[in-house]
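Asker: Chains as they are written, first to last, in our numbering: chain A, 1 to 771; chain B, 1001 to 1152. In this text, a Cβ means the ideal position worked out from N, Cα and C, and glycines have one as well.
#1: What are the residues in the segment 471-495 of chain A lying within 9 Å of chain B by C-beta distance?
#2: Hey, residue 1018(B) and residue 1008(B): beta-carbon distance below 7 Å or not?
#3: Beta carbon of residue 508(A), beta carbon of residue 43(A): below 7 Å?
#4: Starting from residue 765(A), follow the beta strand (DSSP E) in both directions and report where the run begins and ends.
#5: For residue 155(A), name the three-state secondary structure that DSSP assigns.
#6: Run through chain B and tell me which residues come within less than 9 Å of residue 696(A), C-beta to C-beta.
#7: Quick check for students: name the residue ranges of the alpha helix (DSSP H) that lie wholly in the segment 39-84 of chain A, counting only runs of 4 or more.
#8: When you compare each of 370(A), 420(A) and 111(A) to residue 630(A) by their alpha carbons, which one comes out closest?
#9: Could you give the residue range of the beta strand (DSSP E) that holds residue 147(A)?
#10: Using the Cα positions of residue 1102(B) and residue 442(A), report the straight-line distance between them to the nearest angstrom.
#11: Would residue 351(A) and residue 314(A) qualify as a contact pair, given that the criterion is a beta-carbon distance under 7 Å?
#12: Using 7 Å as the limit for Cβ to Cβ distance, is residue 1058(B) near chain A?
#13: Could you check if residue 598(A) is buried or exposed, using at least 16 other CB atoms within 10 Å of its CB as the buried criterion?
#14: Would you mind working out which of 412(A), 444(A) and 394(A) sits nearest residue 425(A), comparing C-alpha positions?
#15: Give me, in chain order, the residues of the same chain whose beta-carbon lies closer than 6 Å to that of residue 212(A); leave out the 5 immediate sequence neighbours on both sides.
#16: Expressed to the nearest angstrom, what Euclidean distance is found between the alpha-carbon atoms of residue 514(A) and residue 544(A)?
#17: Going along chain A, which residues have a C-beta under 7 Å from residue 1128(B)?
#18: Going by C-alpha to C-alpha distance, which of 1133(B), 1151(B), 1152(B) and 1148(B) sits closest to residue 697(A)?
#19: With residue 638(A) as the anchor, note down where its beta strand (DSSP E) starts and where it stops.
#20: Assess contact between the segment 760-768 of chain A and the segment 638-649 of chain A, defined as three or more Cβ pairs (one per stretch) separated by less than 8 Å. Is contact present?
#21: Pair every Cβ in the segment 226-236 of chain A with every Cβ in the segment 1087-1104 of chain B, then say whether three or more of these pairs are closer than 8 Å.
#22: Tell me which same chain residues have a C-beta within less than 6 Å of the C-beta of residue 466(A), skipping the five on either side of it?
#23: Is it buried or exposed for residue 699(A), if we count other Cβ within 10 angstroms and need 16 for buried?
#24: Quick check on this structure: which residue in 652(A), 548(A) and 587(A) has the alpha carbon closest to the alpha carbon of residue 423(A)?
#25: So, for residue 278(A): in the same chain, excluding its five sequence neighbours on each side, which residues have a beta-carbon less than 7 Å away from its beta-carbon?
#26: In whole angstroms, what separates the C-alpha of residue 32(A) from that of residue 205(A)?
#27: State yes or no: is the C-beta of residue 84(A) within less than 7 Å of the C-beta of residue 93(A)?
#28: Please report the residue range of the beta strand (DSSP E) in which residue 1053(B) lies.
#29: Put residue 544(A) into one of helix, strand or coil per three-state DSSP.
#30: Residue range of the beta strand (DSSP E) that residue 1010(B) falls in?
#31: May I ask you to list, following chain order, the residues of the segment 1115-1127 of chain B that have a beta carbon less than 7 Å from some beta carbon of chain A?
#32: Checking 7 Å against the spacing of the C-beta atoms, do residue 286(A) and residue 354(A) come in under that value?
#33: Could you please give me the residues that DSSP links to residue 327(A) through a beta bridge?
#34: For residue 488(A) and residue 529(A), what's the separation of their Cα atoms in angstroms?
#35: By DSSP, does residue 242(A) sit in helix, in strand, or in coil?
#36: In the DSSP assignment, what are the bridge partners of residue 451(A)?
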């Protein structure tokens, strides 16, 4: 292999360092109207009245939408009015929408809309939601239209219940000599993509709907707008230019619905909406919160016998992706261990909080925080080394996962190899706590991770390779370039397969649902796998066509032909051949006769042999493979004021074949940075009325330059045989264990068990003081 | 507030533009001059995505009114042509989604111009005003240091 694995720079690099890279909000036109929202200042309240009179009198206001009933929306349960009707259910919910000539007028008019609320008692956590007499967010969730496989509990705050029943828990408990029971939790938070969500929508007189959106899911926008508003699906055309960070947040469909409604209110004129940072954090969907209870049973020598688990995912006011999150959290409800008896109940629970989108790791980071913290607590009880406990129970080929998938060497990465490599890198067998000075100690913490995807069983991807007359190739794929560099990796695959210079491959960055083949969503670390397979199939198709036409020109059997360096030539006599440029647009004989035509390679790939989960046991095959890893964090902890600094963060990940080394490393360190921030400092602060007190980058503070630790990244490369060149997912894996490793580390450093995030010095102090 | 016609000096060119006194420099650059390289991220001075230079000193253009920039030399990312820091950002993989990149490059470029001898502490003091959510910052650090190193 010549180019696979190489650190090829991303194809759109020079656009990005010269300010020429265009994102959705960068497109502007005189004909655009602009829309601004009015958002709820209460988390739960009846809307008594909305007075828009003064707002309507502002010059330049074209329409105001408020109090009107539109079709209910939501990806798995249709429970969400796009604009609140009669009632608001979270702080930040859209109550009114103003469309005006420019953003300033829209904002000014929005500030003049007067809304009277009648506050209702709030549900401020998932456990509160399950209390007897808890206020119901929705009168009867079971009455809503929903997808198959969703399991709401009627007249409760439970939007979905997923059961995992593997083995027999009674047997597991009877075989256990040591048990552990503990609870864990963290509040909802946000992705903080630097580009806030932006959309433009237009409805043409012929009924076609054109949407441009900063989205990870343009094909889902097309499908949902078509479904919600009963429009022929082919008449909804969505395009997505470069996206300024997604991390899952832009895989939900929300702002697009508002922009569509705004356009409809002004006779289809194009309307642009750009979220403010505050709206992007609380109005558009964020990162899920969780409350977890974990009970583990093991023999006295550390052989895990049973895990009994309850996960309460904080679904916020509307279910949307929370249903799916609660399913993914159940599928990989433990760490990467072989446990014979697993009993897990995973719930998506309504609260008066902002509702969640997917978030990098899709419920795995969340579940792993609880489970891997529990593993350290168990190792403490067993007086056993935490890495030894993990090694002893590491899941292996031949073992069965919580959903009873029997693993093989291809479908799961090498957990023991990751643990062993990590052990060496961090000098684990030396002392784990070192006193640096009077008040400073250094400590290490570890954890293991795994992840599979639980995307729909029929998720697919397509690719087209069109040839230019100079023999170069345009690569067209439905993957959105959100920053992961997937489209550069796809170009590497084509270059490798065709044995040609990557400079002759031009990648179309934009996705247009009318001209780009479908790619379900750019999520779940599945771009390189699904789109990669499609691209390789398209390359094969192009190779066949190239050889076919060359066989006529060269008067040779196709089997005697070889393709390399943009030429088709005879195996035996390489100098006898044709350059792509001679056949890319058809071959022309000296007398003018022509044969062939433009070479257009096409390829598709659809997931193979995936199954739905059994509603009673959870048994089923949710995704193609598990990437695994072992991670560690080293901190300097101040025993006087409980502040700390992360010195080192380490990831040993089995991501299969590494396709672009620096690209992969950047995905991992970037994800680690995000995971450390989630573990250490990020989380919405709610007041007693469930209002978010910190929806701003000054009060909700992501990691800044200079606050980063030393990153150590190492890869194990156990191939996933179905995947192009044996790659596994890499976009999310670096994040998965960071909160757990940090919590384990700080629990050792502080001498008190830390089971909630974010791990602020104040929280550690409260735990130490028993406050 | 009334519109007024002013001259702004942007990227070495004189631009006549009609503005309101209340409009931020970021708004005018993007919406009136079509210079969309400077990005809105928070409109609150917290993220640095909109950083430009004013007389060679970095400034968050969301925190400055356009009217304050009259008679000053404004440089946006579009005004940088094949500078060492742009090349270093590419070579060191110092960006992913690219949205924070113009701000980071303008800030780094100014640092390198004004303080070619900058040490770690100074680099941190300058660059901590910008947020990158994709990378873990190590590639940005490597890019900036590589250019400073070459200068020395």
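Answerer: Quick answer:
#1: Within the segment 471-495 of chain A, the qualifying residues are 481, 482, 483, 484 and 485.
#2: Position 18 of the second chain, counting from 1, holds the residue named residue 1018(B). Position 8 of the second chain, counting from 1, holds the residue named residue 1008(B). Contact flag unset, no.
#3: To locate residue 508(A), count along the first chain from 1; it is residue 508. To locate residue 43(A), count along the first chain from 1; it is residue 43. For residue 508(A) and residue 43(A), no; Cβs fall outside 7 Å.
#4: Here residue 765(A) is taken as the residue at index 765 of the first chain, counted from 1. From DSSP, residue 765(A) is part of no beta strand (DSSP E) but of the alpha helix (DSSP H) over 761-769.
#5: Numbered from 1 along the first chain, position 155 holds the residue referred to as residue 155(A). It is coil, neither helix nor strand.
#6: Translated into the one-based positions of the first chain, residue 696(A) becomes position 696. 1042, 1044 and 1046, listed in chain order.
#7: For secondary structure counted as the alpha helix (DSSP H) over 4 or more consecutive residues, the segment 39-84 of chain A holds these complete runs in sequence order: 53-56.
#8: Taking the first residue of the first chain as position 1, residue 630(A) is located at position 630. Looking at the Cα atoms, 420(A) is the closest of the given residues.
#9: Position 147 of the first chain, counted from the start, is the residue given in the question as residue 147(A). From DSSP, residue 147(A) is part of no beta strand (DSSP E); its letter is neither H nor E.
#10: Walking along the second chain from the start, residue 1102(B) turns up at place 102. Walking along the first chain from the start, residue 442(A) turns up at place 442. Each residue's Cα considered, the two are about 37 Å apart.
#11: Start at 1 with the first residue of the first chain, and residue 351(A) comes out as number 351. Start at 1 with the first residue of the first chain, and residue 314(A) comes out as number 314. It is a contact, given that the beta carbons lie within the stated cut-off.
#12: Mapped onto the second chain, residue 1058(B) falls at position 58. Not one chain A Cβ lies under 7 Å of residue 1058(B).
#13: On the first chain, residue 598(A) is found 598 positions in, with the first residue counted as 1. Sixteen is the threshold: since fewer than 16 other Cβ atoms of the shown chains lie within 10 Å of the Cβ of residue 598(A), the residue is exposed.
#14: Locating residue 425(A) in the first chain gives position 425, counting from the first residue. Out of 412(A), 444(A) and 394(A), the CA that lies nearest to the CA of residue 425(A) is found in 444(A).
#15: Here residue 212(A) corresponds to residue number 212 of the first chain, with the count starting at 1. The answer, listed in chain order, is 24, 200 and 239.
#16: Start at 1 with the first residue of the first chain, and residue 514(A) comes out as number 514. Start at 1 with the first residue of the first chain, and residue 544(A) comes out as number 544. Those two C-alpha atoms are separated by around 26 Å.
#17: Translated into the one-based positions of the second chain, residue 1128(B) becomes position 128. Scanning chain A for C-beta atoms nearer than 7 Å to the C-beta of residue 1128(B) yields 704, 705 and 706, reported in chain order.
#18: The residue labelled residue 697(A) in the question sits at position 697 within the first chain. Ranking the options by Cα distance to residue 697(A), first place goes to 1133(B).
#19: Locating residue 638(A) in the first chain gives position 638, counting from the first residue. Counted as a single uninterrupted DSSP element, the beta strand (DSSP E) harbouring residue 638(A) occupies residues 627-638.
#20: A contact is defined here as three or more CB-CB pairs under 8 Å, and the segment 760-768 of chain A meets this definition with respect to the segment 638-649 of chain A.
#21: No, they do not touch.
#22: Start at 1 with the first residue of the first chain, and residue 466(A) comes out as number 466. For residue 466(A), the CB contacts under 6 Å within the same chain, skipping 5 residues up- and downstream, are 474 and 600 in chain order.
#23: Translated into the one-based positions of the first chain, residue 699(A) becomes position 699. It is exposed - the Cβ of residue 699(A) has fewer than 16 other Cβ atoms within 10 Å.
#24: Position 423 of the first chain, counting from 1, holds the residue named residue 423(A). Nearest option by C-alpha distance: 652(A).
#25: Residue 278(A) sits at position 278 when you count from the first residue of the first chain. 695 and 696.
#26: Walking along the first chain from the start, residue 32(A) turns up at place 32. Walking along the first chain from the start, residue 205(A) turns up at place 205. Going from the Cα of residue 32(A) to the Cα of residue 205(A) covers about 16 Å.
#27: Locating residue 84(A) in the first chain gives position 84, where the first residue counts as 1. Locating residue 93(A) in the first chain gives position 93, where the first residue counts as 1. Against a cut-off of 7 Å, the Cβ pair of residue 93(A) and residue 84(A) comes out as a contact.
#28: Mapped onto the second chain, residue 1053(B) falls at position 53. 1051-1054 is the span of the beta strand (DSSP E), which, as asked, contains residue 1053(B).
#29: Residue numbering aside, residue 544(A) sits at position 544 when the first chain is read from its first letter. The answer is helix: DSSP assigns residue 544(A) an H, G or I state.
#30: Here residue 1010(B) refers to the residue found at position 10 when the second chain is read from its first residue. Residue 1010(B) -> beta strand (DSSP E) spans 1004-1010.
#31: Those would be 1124 and 1127, in chain order.
#32: Position 286 of the first chain, counting from 1, holds the residue named residue 286(A). Position 354 of the first chain, counting from 1, holds the residue named residue 354(A). Taking 7 Å as the Cβ cut-off, residue 286(A) and residue 354(A) qualify as a contacting pair.
#33: Numbered from 1 along the first chain, position 327 holds the residue referred to as residue 327(A). Paired residue(s): none; residue 327(A) is not in a bridge.
#34: Along the first chain, one-based indexing puts residue 488(A) at 488. Along the first chain, one-based indexing puts residue 529(A) at 529. Straight-line spacing of the CA atoms in residue 488(A) and residue 529(A) works out to 14 Å.
#35: Here residue 242(A) is taken as the residue at index 242 of the first chain, counted from 1. For residue 242(A), the three-state secondary structure derived from DSSP is strand.
#36: As a working mapping, residue 451(A) is identified with position 451 in the first chain. Residue pairing by DSSP places residue 451(A) opposite 627(A) in a beta bridge.
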